[in-house]
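In what follows, a structure is listed as structure tokens, so that the remarks can point back to it.
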Amino acid sequence: MMYTRREFGILTLAGLVRPTTSAKATVVRRSFSEGGSPDTTTMAAAADATVNGVRVGVQTYSFRDLPRPPGGDGIDPVIKAMTACGLTECELFSPQAEPQFNAGARGARGSRPPAETQQAREDLRKWRVETPLDHFGAIKKKFDASGMTVYAYNYSPNASFTDAEIDRGFEMAKALGAGIITASTTLDVAKRIQPFAEKHRMVVAMHGHSKVDDPNEFATPDSFAAAMKMSKYFKVNLDIGHFTAGNFDAISYIREHHADITNLHLKDRKKNQGDNTRWGEGDTPIREVLQLLKKERWPIRAYIEYEYGGPGTPIEEVTKCLDYVKKALA
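Sequential numbering of the sequence shown, starting at -12, is according to the working numbering.
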């Protein structure tokens, strides 16, 4: 039985697809919450997001510098960029689904916004809580019409978020058709997210950085472990570049914790808190990680996150990164 690209995307979100290198794809009905072993069935499908068995996509933060229409959101530029790059699956960076607001409107991890930006923060809060979910449903339709899948919604609560904002993030993610939420947050705020993850029965994958000296940050294996103890719905969105910059071994961590990793962010950084570099010039084992995913066939997505500030446009640089991925998986 043949499936349309849209049907395949829906099945992907429902079951975490693990396609093969042939015209067939294996659907992994794997419940992160139950922690069981994968139950697989085979279906015929065109695996647009798959490179030799590894599902490849993009964190749309990579397109953060693309201009957006005045007063509008950044969805159309993102879809056009993904089309130009030949990408069909993404982790959607939440500010691109929201109107532009003044600096400081989003707050910051571990702190509340200063008084001078409080009004902008309140305006954004009001928009989030009061905007009809049809807005996000319309975004989903745009991605669907383009043959694209929003696998994850990158919504990152910080100390300035109200409970209503946290709760609304789950509703937004569902309206977008996202299978999970990814969050750049802190351990303190994760405790506030936990009851809403339980309420919505939705996985939240914690995104790590390299601030290894701050015990409230997600940066170390211990910090990820602490989150996963809070809830069966808390998992890991491992950024292998930041993990390497913090002097941790991405290969070993993935081998040991692959069952709890939803998706990876691919970037190249040097060890000892080194800079982002063009791919292949840093210390991050991008090629080795991709080869590991290919060999083991774990249903872990590998998402490009362009941060190094190359000479080309974001579309040109993301395309270079995608070429690197394809060569690594050849």
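Glycine residues also receive a C-beta, built at the ideal position from the N, C-alpha and C atoms.
In terms of residues, what are the limits of the beta strand (DSSP E) holding Y138?
Residue numbering aside, residue 138 sits at position 151 when the sequence shown is read from its first letter. Counting along the chain, the beta strand (DSSP E) containing Y138 begins and ends at T136 to N141.
Proximal residues to V65 (C-beta, below 8 Å), its chain only, five neighbours per side dropped
Position 78 of the sequence shown, counting from 1, holds the residue named residue 65. T47, F50, L53, C77, L79 and Q83, listed in sequence order.
Per the DSSP calculation, N263 is bridged to which residue(s)?
For the purposes of this step, residue 263 is identified with residue 276 of the sequence shown, where counting begins at 1. Looking at the DSSP assignment, N263 forms a beta bridge with R256.
Exposed or buried, which one is E243 when buried takes at least 16 other CB atoms within 10 Å?
If you number the sequence shown from 1, residue 243 lands on position 256. E243 counts as exposed, since fewer than 16 other C-beta atoms from the protein chains shown sit within 10 angstroms of its C-beta.
Quick one: grab the DSSP three-state call for K222.
Numbered from its first residue, the sequence shown carries residue 222 at position 235. Of the three classes helix, strand and coil, the one that applies to K222 here is strand, per DSSP.
Quick check: I287 and V305, are their CB atoms within less than 8 Å of each other?
Taking the sequence shown and counting its residues from 1, the one referred to as residue 287 is at position 300. Taking the sequence shown and counting its residues from 1, the one referred to as residue 305 is at position 318. Not in contact: I287 and V305 (Cβ atoms no closer than 8 Å).
Does T173 come out as helix, strand or coil in the three-state DSSP assignment?
Taking the first residue of the sequence shown as 1, we reach residue 173 at position 186. Strand at T173.
Can you have a look at T28 and say buried or exposed, based on whether 16 or more other CB atoms are within 10 angstroms of its CB?
What you label residue 28 is simply residue 41 of the sequence shown in a count that begins at 1. Note that T28 scores 27 on pLDDT, short of 50, meaning its location in the model is unreliable; the coordinates nonetheless yield the value given after this. T28 is exposed by the Cβ-count criterion.
Can you list, in chain order, the residues of its chain with a C-beta nearer than 7 Å to that of I126? Leave out the 5 residues immediately preceding and following it.
Start at 1 with the first residue of the sequence shown, and residue 126 comes out as number 139. Once the five neighbours on either side are set aside, the close Cβ partners of I126 are I62, A84 and L163.
Where the beta strand (DSSP E) through Q106 begins and ends:
For this step, residue 106 is matched to residue 119 along the sequence shown. Bounds of any beta strand (DSSP E) do not take in Q106; it lies within the alpha helix (DSSP H) bounded by Q105 to E117.
Do I320 and E275 have their C-beta atoms closer together than 8 Å?
Lying outside -12 to 317, the shown extent of the chain, residue 320 is not represented and no answer is given.
Sub-8 Å separation of F230 and V191 beta-carbons:
In the sequence shown, counting from the first residue as 1, residue 230 sits at position 243. In the sequence shown, counting from the first residue as 1, residue 191 sits at position 204. No, the Cβ-Cβ distance between F230 and V191 is not below 8 Å.
Quick check for students: name the residue ranges of the alpha helix (DSSP H) that lie wholly in the stretch 32 to 89, counting only runs of 4 or more.
Listed in chain order, they are 62 to 72.
Tell me where the beta strand (DSSP E) around R288 begins and ends.
Within the sequence shown, numbered from 1, the residue matching residue 288 stands at position 301. DSSP places R288 in the uninterrupted beta strand (DSSP E) bounded by R288 to I291.
Under the three-state DSSP convention, the category T149 falls into
Indexing the sequence shown from 1 puts residue 149 at position 162. The answer is coil: DSSP assigns T149 none of H, G, I, E or B.
When you compare the stretch 136 to 146 with the stretch 164 to 181, are there three or more beta-carbon pairs, one atom per stretch, that lie closer than 8 Å?
Contact holds between the stretch 136 to 146 and the stretch 164 to 181, because three or more Cβ pairs, one in each stretch, are under 8 Å apart.
Paired residues, beta bridge with A192 - DSSP
As a first step, residue 192 is located in the sequence shown; it is residue number 205 there, counting from the start. In the DSSP assignment, A192 forms a beta bridge with T169 and K222.
Give the range of the alpha helix (DSSP H) segment to which F310 is assigned.
In the sequence shown, the residue the question calls residue 310 occupies position 323. A small correction: the amino acid at residue 310 is Asp; Phe does not occupy that position in the sequence shown. Start and end: P301 to A315.
Assigned secondary structure, E294 (DSSP; H/G/I helix, E/B strand, else coil)
Taking the first residue of the sequence shown as 1, we reach residue 294 at position 307. Of the three classes helix, strand and coil, the one that applies to E294 here is coil, per DSSP.
Anticipated Cβ contact below 8 Å, D60 with P86, distance rounded
For the purposes of this step, residue 60 is taken as residue 73 along the sequence shown, with counting starting at 1. For the purposes of this step, residue 86 is taken as residue 99 along the sequence shown, with counting starting at 1. Contact holds; Cβ gap of about 6 Å.
CA nearest to the CA of K161, picked from K186, N39, P182 and F123:
Position 174 of the sequence shown, counted from the start, is the residue given in the question as residue 161. Check the Cα spacing between K161 and each of K186, N39, P182 and F123: the tightest is with F123.
For L280, name the three-state secondary structure that DSSP assigns.
Stepping through the sequence shown from its first residue, residue 280 is reached at position 293. Residue state, collapsed to three classes: helix.
In this structure, how does DSSP classify L120 when only helix, strand and coil are distinguished?
Translated into positions along the sequence shown, residue 120 becomes position 133. DSSP places L120 in coil when its eight states are reduced to three.
Using three-state DSSP, classify T207 as helix, strand or coil.
To locate residue 207, count along the sequence shown from 1; it is residue 220. Three-state result, T207: coil.
Nearest-angstrom Cβ-Cβ length linking M193 and A214, presumed shorter than 8 Å:
On the sequence shown, residue 193 is found 206 positions in, with the first residue counted as 1. On the sequence shown, residue 214 is found 227 positions in, with the first residue counted as 1. In this structure M193 is in contact with A214, their Cβ atoms being roughly 5 Å apart against a cut-off of 8 Å.
Name the DSSP bridge partner or partners of N250?
Numbered from 1 along the sequence shown, position 263 holds the residue referred to as residue 250. Answer by DSSP bridge pairing, in chain order: N224 and R288.
Would a C-beta distance cut-off of 8 Å place M217 and Q181 closer than the cut-off?
Residue mapping note: residue 217 aligns to position 230 of the sequence shown, counting from 1. Residue mapping note: residue 181 aligns to position 194 of the sequence shown, counting from 1. Remark: C-beta atoms of M217 and Q181 approach each other more closely than 8 Å.
Given that a residue counts as buried once 16 or more other Cβ atoms are within 10 Å of its Cβ, and exposed if not, what is T13?
Here residue 13 refers to the residue found at position 26 of the sequence shown. In this predicted model, T13 has a pLDDT of only 35, less than 50, meaning its place in the structure is not dependable enough to derive any value.
For S24, collect the residues of the same chain with a Cβ closer than 7 Å to its Cβ; drop the 5 residues on either side in sequence, then sort them by chain order.
Your numbering for residue 24 matches position 37 in the sequence shown. For S24, the pLDDT reaches just 33, beneath the cut-off of 50, and the residue's location in the model is therefore unreliable, leaving the point undetermined.
Using a Cβ-Cβ cut-off of 7 Å (strictly less than) and excluding sequence neighbours within five positions of K178, which residues of its own chain qualify?
What you label residue 178 is simply residue 191 of the sequence shown in a count that begins at 1. Listed in chain order, the non-local C-beta contacts of K178 below 7 Å within the same chain comprise M217, local neighbours out to five positions each way being set aside.
Sequence-distant residues of its chain with Cβ nearer than 7 Å to L316 (five each side left out):
Here residue 316 refers to the residue found at position 329 when the sequence shown is read from its first residue. Once the five neighbours on either side are set aside, the close Cβ partners of L316 are V38, N39, V41, L277 and K281.
Determine the contact status of R203 and N224, defining contact as a CB-CB distance below 8 Å.
Working through the sequence shown from its first residue, we reach residue 203 at position 216. Working through the sequence shown from its first residue, we reach residue 224 at position 237. The sequence given here places Asn at residue 203; Arg does not occur at that position. Between N203 and N224, the C-beta gap is not smaller than 8 Å, which leaves the two residues out of contact.
I need the straight-line Cα distance from T70 to S133, nearest angstrom please.
The count along the sequence shown starts at 1 and reaches residue 70 at position 83. The count along the sequence shown starts at 1 and reaches residue 133 at position 146. Distance from the CA atom of T70 to the CA atom of S133, rounded to whole angstroms, is 8 Å.
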